[in-house]
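Since the structure comes first, as structure tokens, the remarks are kept for the end.
Numbering (mature numbering (1 follows the signal peptide of the UniProt record, and there is no 0)), first residue to last: -20 to -1, 1 to 316.
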């Protein structure tokens, strides 16, 4: 499942034991970071949180120093997740265990003779809504699904409508989704198909909780789908054709590494990135860039961790490199 919720963060004290003395040289930076992201802690927890933040900051600085020496193709930056350990981050925002694809679906067959454009970016054509923030809720699967549906609606109507993740969180449990504890994009599409529609964000706003009962209003239907398409597992060429032909496609990646948590810019690739996917995202295009004197291909993926993360909320992920981070492992999209 995509997105498992973390345990209370106060448990960190027990995990760390006695916190190390804070670095006085970082006092101003720590206070500034807390103010920027509106962070407040109980007095007994702040020292442990700061220790985690300082450790993350040092790792970020070390990586960027290596990047400046040509060892990496991407940079990192401190963000609003800076007080989380890797383990907490993955409990909070990841947690995908691929299920059997039992939803009725069609397999997207890639053509060996069809030429796809060298570059695609559906953002430039109006298919993609602004970057959202899932908050402390493992609902990445819902954001991935609404992103694909938003592109579908725009393709058919010419109108870009922000769709409701909360509608999916509250109403698709009977299909096996678990709200803030995780879910699957195909099950979200199946809910929309079976339900006969999905509400907009305006009508059914996001709460980042999974304690509400279903409040879907059929009078305010903003989207629908009739079929679900699956991209052949691990086939990046098929994913490229799907993105070029259908519009934004739901994908899942391995987002468990420290480097992914604090990604800021450049083309992401990591030896620590596996094909065991745990985080739902949206493929909105692909392209190429000159990196260290050679052409490098990349996917453009929309995240749901706010615009603070990455390139205004997006990551460019290395493309055509043995299914980097599992990007083509669980790709799917709806159609009307």
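Cβ atoms here follow ideal geometry from the backbone N, Cα and C, with glycine treated the same way.
Pairwise C-alpha distance: residue j and residue i
| i | j | result |
| --- | --- | --- |
| residue 9 | residue 231 | 36 Å |
| residue 242 | residue 105 | 29 Å |
| residue 223 | residue 28 | 44 Å |
| residue 58 | residue 112 | 19 Å |
| residue 210 | residue 40 | 37 Å |
| residue 195 | residue 280 | 33 Å |
| residue 305 | residue 62 | 22 Å |
| residue 342 | residue 293 | Past the edges of the chain, shown from -20 to 316, lies residue 342, and the structure says nothing about it. |
| residue -15 | residue 38 | Note that residue -15 scores 40 on pLDDT, short of 50, meaning its location in the model is unreliable; the coordinates nonetheless yield the value given after this. Taking the straight line from one Cα to the other gives about 24 Å. |
| residue 151 | residue 193 | 7 Å |
| residue 66 | residue 236 | 8 Å |
| residue 153 | residue 256 | 24 Å |
| residue 316 | residue 48 | 47 Å |
| residue 32 | residue 64 | 7 Å |
| residue 191 | residue 313 | 28 Å |
| residue 75 | residue 86 | Any reading at residue 75 needs caution, since the residue's pLDDT is 46, under 50, leaving its predicted position unreliable; the model's value is listed next. Whole-angstrom Cα-Cα distance: 26 Å. |
| residue 89 | residue 172 | 24 Å |
| residue 162 | residue 218 | 26 Å |
| residue 1 | residue 45 | 25 Å |
| residue 12 | residue 30 | 12 Å |
| residue 225 | residue 98 | 13 Å |
| residue 22 | residue 6 | 20 Å |
| residue 301 | residue 36 | 28 Å |
Among the options, nearest to residue i - alpha-carbon criterion
| i | options | result |
| --- | --- | --- |
| residue 264 | 119, 228 and 35 | 228 |
| residue 43 | 251, 33 and 55 | 55 |
| residue 96 | 110, 267, 165 and 34 | 267 |
| residue -19 | 290, 261 and 63 | 261 |
| residue 286 | 244, 306, 256 and 51 | 244 |
| residue 270 | 11, 298, 238 and 256 | 298 |
| residue 198 | 174, 91 and 218 | 174 |
| residue 187 | 152, 166 and 147 | 147 |
| residue 92 | 25, 216 and 252 | 216 |
| residue 254 | 212, 239, 233 and 311 | 233 |
| residue 160 | 71, 139 and 25 | 71 |
| residue 149 | 139, 1, 164 and 30 | 164 |
| residue 16 | 313, 141 and 288 | 288 |
| residue 205 | 133, 35 and 100 | 133 |
| residue 282 | 176, 46, 110 and 24 | 110 |
| residue 51 | 256, 250 and 127 | 250 |
| residue 201 | 218, 131, 239 and 141 | 141 |
| residue 73 | 23, 157, 35 and 259 | 259 |
| residue 185 | 125, 145, 5 and 273 | 145 |
| residue 127 | 301, 162 and 181 | 181 |
| residue 212 | 183, 24 and 311 | 311 |
| residue 167 | 138, 183 and 125 | 125 |
Residue i - partner residues in DSSP beta bridges
| i | result |
| --- | --- |
| residue 312 | 210 and 230 |
| residue 251 | Paired residues: none, contrary to the question. |
| residue 280 | 265 and 296 |
| residue 163 | -19 |
| residue 405 | Residue 405 lies beyond the residue range present for the chain, which begins at -20 and ends at 316; the question has no answer from this structure. |
| residue 259 | 233 |
| residue 245 | 55 |
Residues near residue i in its chain [Cβ-Cβ closer than 7 Å; skip 5 each side]
| i | result |
| --- | --- |
| residue 94 | 221 |
| residue 214 | 303, 308 and 309 |
| residue 284 | 112, 113, 114, 120 and 123 |
| residue 69 | 61 and 241 |
| residue 158 | -20 |
Close-in-space but distant-in-sequence residues of the same chain around residue i (CB under 8 Å, 5 per side omitted)
| i | result |
| --- | --- |
| residue 247 | 53, 54, 269, 271, 276, 278, 296, 297 and 298 |
| residue 291 | 244 and 245 |
| residue 107 | 130, 131, 134, 135, 140, 227, 228 and 264 |
| residue 3 | 34 |
| residue 252 | 237, 238 and 239 |
| residue 183 | 144, 197, 200 and 202 |
| residue 176 | 198, 201 and 204 |
| residue 20 | 14 |
Chain-order list of residues whose beta-carbon lies under 6 Å from that of residue i (same chain, five-residue window excluded)
| i | result |
| --- | --- |
| residue 117 | 160 and 188 |
| residue 203 | 129, 133, 143 and 178 |
Threshold first: 3 residues or longer. Then list the beta strand (DSSP E) segments lying entirely within the segment 52 to 115, N to C. Runs of the beta strand (DSSP E) inside the segment 52 to 115: 54 to 56.
Can you list the alpha helix (DSSP H) stretches of 4 or more residues lying completely in the segment 133 to 177, in chain order? 145 to 151 and 165 to 175
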